[in-house]
Each structure stands twice: as structure tokens, then as C-alpha cells.
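Notes follow once the structure below has been shown.
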Amino acid sequence: MRIVSLNAWGGRLHEPLMRYLVDVNADVLCLQEVVRTQDADAGWLVYRDHGVELPQRANLFEELKAALPAYDAFFHPVARGDLFDGDRRLFSEFGLATFVRRTHPVIAQAARFVHGDFSSDGYGPHPRSRNAHCIRLFDYRRGSPITIAHMHGLRDLEGKGDTPARRHQANALVDLIGQVRQEGDRLVVCGDFNLLPGSETFEILGRLGLIDLVTLRGHDDTRTSHYRKQPRFADYMLVTPDIEVIDFDPVAEPEVSDHRALLLDIR
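Using full-length UniProt numbering, the first residue of the sequence shown is number 1, and each one after it goes up by one.
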């Protein structure tokens, strides 16, 4: 089974992103920063915030659905805010997307906010709301289920250190997993956590038996050349000891975001 986690960066590197997500042939895609805009005519819209303008792919979720017809698709927005087509203002939703190849049926799932709540009238003040999605699949080849969860961790303008909000976020993620996972299930947890190694989040997740493959295997960079700041940790992939890892790679090439895709092959 192949699992890929990626912060899609609003589709800013649209052409290589779409090509990669189709060609990577994953069984499960866990995507953060995905956009869906109901009334958009243009392919591109602009996010504006205090003088900063960022291009966003208007309907990245719908484009991915069309490009991945063999997958079940799930979208979980955290907020509805404004994107712009010139001077025209459009309501746009922003959040998580999960794509699961239909050969692996989803037999249980849950989503919840790990920080804040849904904002229907703007993206909200920082640190903005964040959510997580947890699915339980049946792996026909092994004849057993597996639970997979991903999260987009809160972004704190003060940095990536431990805070009470991040402690609450980690405990909320553990609670979500507990709603879906059954005793004996293998477990994979991934996403853009917006954290540094050594955060107490990993201690909290460790109570589920989870270990992080990024730091365990000596990787020190989950960013691409499009991200020019330090430190270069943001994304993580954690597994329980009963996961037989064939390969794990924070993918350096191709660059499809300012984050690297995390690619996990398991038996």
C-alpha cells in the first residue's frame, strides 16, 4: 500500500502537482491546503492578506476528483474566506482533502477540528482553525483493516514551539483517532504539523505507539526550494511498530509545492 501526504500549497505549482498526484499511483492521498470555490469561472484566483497576494487554484479539489476517477474523494473545509478574480470577490473554501483508491473501501471515518471551529465568514485571526480527518480502510490483500489519519497543524505567528493550543491539538487528534481505530489496527498518522522535532506533540502521539519516520530515519528537510526560511521541518509521517515499512521518502524531486511530499510504501 502506498500513502502520500502533501501540503498542496493551494495548487500554486498546479501543472507539476497534478501530474505528480496522478503518476505517483498512491492508494491514499492525504492533502492539506486544498481549495474549492463554488462560483469561480477562472482557473486561478488570488488570496490577499495585508499586502500579500498569493495565487490559488480556484477549484483544486474538483480538478483532482476529475483527474483521479478511481478514487473516493473527501473534502473537509476549515473556513470560507475571500479569494479575488481581479476586483471580484468570491467565497472560497479551504481545508483538507483525502483520496482513497476504491480497491481499499473506507469502512469508518471521522473528522473534527483540532483547533478552533469552522469559520463561515472569513479565514479568521491567527492562529487559524485547523482540522484532521481519520479513515479506517480494509486492506483486502492482508485481510485486515488499517487506520490512517492526517492533520494540518495550526500556524502560530510566534513560531513552532510548544504551546497550550498545540497540546490541545495533539490531544484532539488522539481523541479523533480513538473514534475510528479499532483494537489491533495498524496506524499511520501524517500531515503538515507545523512543528519542530522534539515537540510534546510527538510524546502525546507516542502514547498510541507511534514513531516518526522523518526524524527516525535522519531526514532534516521536508521543504523544497520554494521555501527559503529555517528551520525546514513541517511535515511528518508516523507509524505504529506493526507497520512493515518498505520505503519512506520525503520526495525532493519533482517539486510540486513549498512542502515535499512524504511517500510511504508499506506491506
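For each residue, glycine too, the CB sits at the ideal point set by N, CA and C.
> In terms of residues, what are the limits of the alpha helix (DSSP H) holding residue 171?
Replying inline: In the sequence shown, residue 171 corresponds to position 171, counting from 1. That run of the alpha helix (DSSP H) goes 164 to 180.
> Looking only at its own chain, which residues have a Cβ that is under 6 Å from the Cβ of residue 145, when we skip the five neighbours before and after it?
Replying inline: Position 145 of the sequence shown, counted from the first residue, corresponds to residue 145. So the qualifying residues of the chain are 136, 138 and 185.
> Which residues mark the beginning and the end of the beta strand (DSSP E) in which residue 237 is found?
Replying inline: What you label residue 237 is simply residue 237 of the sequence shown in a count that begins at 1. Element bounds for residue 237: 235 to 239.
> Rounded to whole angstroms, how far is the Cβ of residue 3 from the Cβ of residue 148, which I believe are closer than 8 Å?
Replying inline: Taking the sequence shown and counting its residues from 1, the one referred to as residue 3 is at position 3. Taking the sequence shown and counting its residues from 1, the one referred to as residue 148 is at position 148. The pair is a contact, with the Cβ atoms about 6 Å apart (cut-off 8 Å).
> DSSP on residue 11, reduced to helix/strand/coil?
Replying inline: Along the sequence shown, read from residue 1 onward, the residue named residue 11 stands at position 11. Here residue 11 sits in helix by DSSP.
>> Measuring only the C-alpha atoms, how far is residue 70 from residue 105?
In response: Numbered from its first residue, the sequence shown carries residue 70 at position 70. Numbered from its first residue, the sequence shown carries residue 105 at position 105. Rounded to whole angstroms, residue 70 to residue 105 spans 12 Å at the Cα level.
> Alpha carbon to alpha carbon, what distance is there between residue 153 and residue 172?
Replying inline: Position 172 of the sequence shown, counted from the first residue, corresponds to residue 172. Position 153 of the sequence shown, counted from the first residue, corresponds to residue 153. Looking at the two C-alpha atoms, the distance is approximately 11 Å.
>> Report the start-end ranges of each alpha helix (DSSP H) in the region 58 to 89 that is 4 residues or longer and not cut off at the edges.
In response: 60 to 67
>> Less than 7 Å between the C-beta atoms of residue 133 and residue 163, yes or no?
In response: Position 133 of the sequence shown, counting from 1, holds the residue named residue 133. Position 163 of the sequence shown, counting from 1, holds the residue named residue 163. Against a cut-off of 7 Å, the Cβ pair of residue 163 and residue 133 comes out as no contact.
> What first and last residue would you give for the beta strand (DSSP E) that runs through residue 191?
Replying inline: Locating residue 191 in the sequence shown gives position 191, counting from the first residue. Looking at the DSSP string, the run of the beta strand (DSSP E) that includes residue 191 is 186 to 192.
>> Assuming contact is defined by CB atoms lying nearer than 7 Å, are residue 245 and residue 211 in contact in what I supplied?
In response: Within the sequence shown, residue 245 is the residue found at index 245, counting from 1. Within the sequence shown, residue 211 is the residue found at index 211, counting from 1. Result no, Cβ atoms of residue 245 and residue 211 do not sit closer than 7 Å.
>> Check whether the region 22 to 30 and the region 41 to 60 touch, using three or more Cβ-Cβ pairs below 8 Å as the test.
In response: no
> Between residue 259 and residue 11, what straight-line distance do the alpha-carbon atoms span, to the nearest angstrom?
Replying inline: Numbered from 1 along the sequence shown, position 259 holds the residue referred to as residue 259. Numbered from 1 along the sequence shown, position 11 holds the residue referred to as residue 11. Those two C-alpha atoms are separated by around 12 Å.
> Taking the Cβ atom as the reference point for each residue, do residue 61 and residue 36 lie within a distance shorter than 7 Å?
Replying inline: On the sequence shown, position 61 is the one that residue 61 refers to. On the sequence shown, position 36 is the one that residue 36 refers to. Going by C-beta atoms, residue 61 is nearer than 7 Å to residue 36.
> Can you name the start and end residues of the beta strand (DSSP E) that residue 113 belongs to?
Replying inline: What you label residue 113 is simply residue 113 of the sequence shown in a count that begins at 1. 106 to 115 is the span of the beta strand (DSSP E), which, as asked, contains residue 113.
> How close, in whole Å, do the beta carbons of residue 170 and residue 216 come, if the pair is a contact with beta carbons under 8 Å?
Replying inline: Within the sequence shown, numbered from 1, the residue matching residue 170 stands at position 170. Within the sequence shown, numbered from 1, the residue matching residue 216 stands at position 216. Not really, about 18 Å apart at Cβ, beyond 8 Å.
> Distance, Cα to Cα, residue 1 vs residue 51?
Replying inline: Residue numbering aside, residue 1 sits at position 1 when the sequence shown is read from its first letter. Residue numbering aside, residue 51 sits at position 51 when the sequence shown is read from its first letter. Roughly 44 Å between the two C-alpha positions.
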